[in-house]
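A.B. asks: Dropping the structure in here first, questions after.
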Amino acid sequence: MDYNKLLDQAYKKLPEKTEGGERLEIPKMELMKEGNMVIIKNFLQVAQAIRRDPKHLLKYMSKELAAPGSFDGKRAIFQSRAMRSIIEKKFDSYVKNMVVCKECKRPDTAIVKEGRLTFIKCEACGAKYAAKS
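Just so we're aligned, residue 669 is where the sequence shown starts under the working numbering, counting upward by one.
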């Protein structure tokens, strides 16, 4: 077999390229204000889209919003009057710092605890770096 035939066979075995679009598709947060509380109705769905434990995301958001929060299965409730733009900005910060790899910019990461330290480990490129707490 010559090189070109082998190359053609290899190309035929490759999956079709998908056109455009970002691989990490995060659903838009469904926010609802009720008195001095903010409720994120699809909190579980958002956490699952970024492959993170909802309790970890809740802890981060509570700390960033400086407001107590609770999680009741599907939604999160924060004792805050924070505006939508502030909540989305804090969530985008979480995705940038805790989900997307700093080396290859892919969302294929996992949070790994080693003793008392927490690391972000990229499953795509193998990079590992300390997580901001």
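From the three backbone atoms N, C-alpha and C, an ideal C-beta is built for every residue, glycine too.
Taking only the alpha-carbon atoms, compute the straight-line gap between residue 762 and residue 718 and give it to the nearest angstrom.
C.D. replies: 10 angstroms
A.B. asks: With distances taken Cα to Cα, identify the nearest neighbour of residue 703 among 729, 789, 673 and 746.
C.D. replies: 746
A.B. asks: Short of 7 angstroms in beta carbon distance, which residues of its chain neighbour residue 737, apart from the five on each side in sequence? Order them along the chain.
C.D. replies: 726, 729, 730, 744, 745 and 746
A.B. asks: Looking at the structure shown, is residue 768 part of a helix, part of a strand, or coil, going by DSSP?
C.D. replies: coil
A.B. asks: Starting from residue 705, trace the beta strand (DSSP E) in both directions and tell me its first and last residue.
C.D. replies: Taken as a continuous stretch (DSSP letters only), the beta strand (DSSP E) holding residue 705 covers 705-708.
A.B. asks: Using the Cα positions of residue 733 and residue 758, report the straight-line distance between them to the nearest angstrom.
C.D. replies: Each residue's alpha carbon lies about 8 angstroms from the other.
A.B. asks: Rounded to whole angstroms, what is the Cα-Cα separation between residue 706 and residue 749?
C.D. replies: One alpha carbon belongs to residue 706, the other to residue 749, and they sit about 7 angstroms apart.
A.B. asks: State the Cα-Cα distance for the pair residue 735 and residue 797, rounded to the nearest angstrom.
C.D. replies: Taking the straight line joining both Cα atoms gives about 28 angstroms.
A.B. asks: DSSP state of residue 773, grouped into three classes?
C.D. replies: coil
A.B. asks: Judging by CA-CA distance, which residue of 789, 699 and 711 is the nearest neighbour of residue 754?
C.D. replies: 699
A.B. asks: Is residue 800 near residue 765, with beta carbons less than 7 angstroms apart?
C.D. replies: Against a cut-off of 7 angstroms, the Cβ pair of residue 765 and residue 800 comes out as a contact.
A.B. asks: Run through DSSP, which three-state label would residue 696 get?
C.D. replies: The answer is coil: DSSP assigns residue 696 none of H, G, I, E or B.
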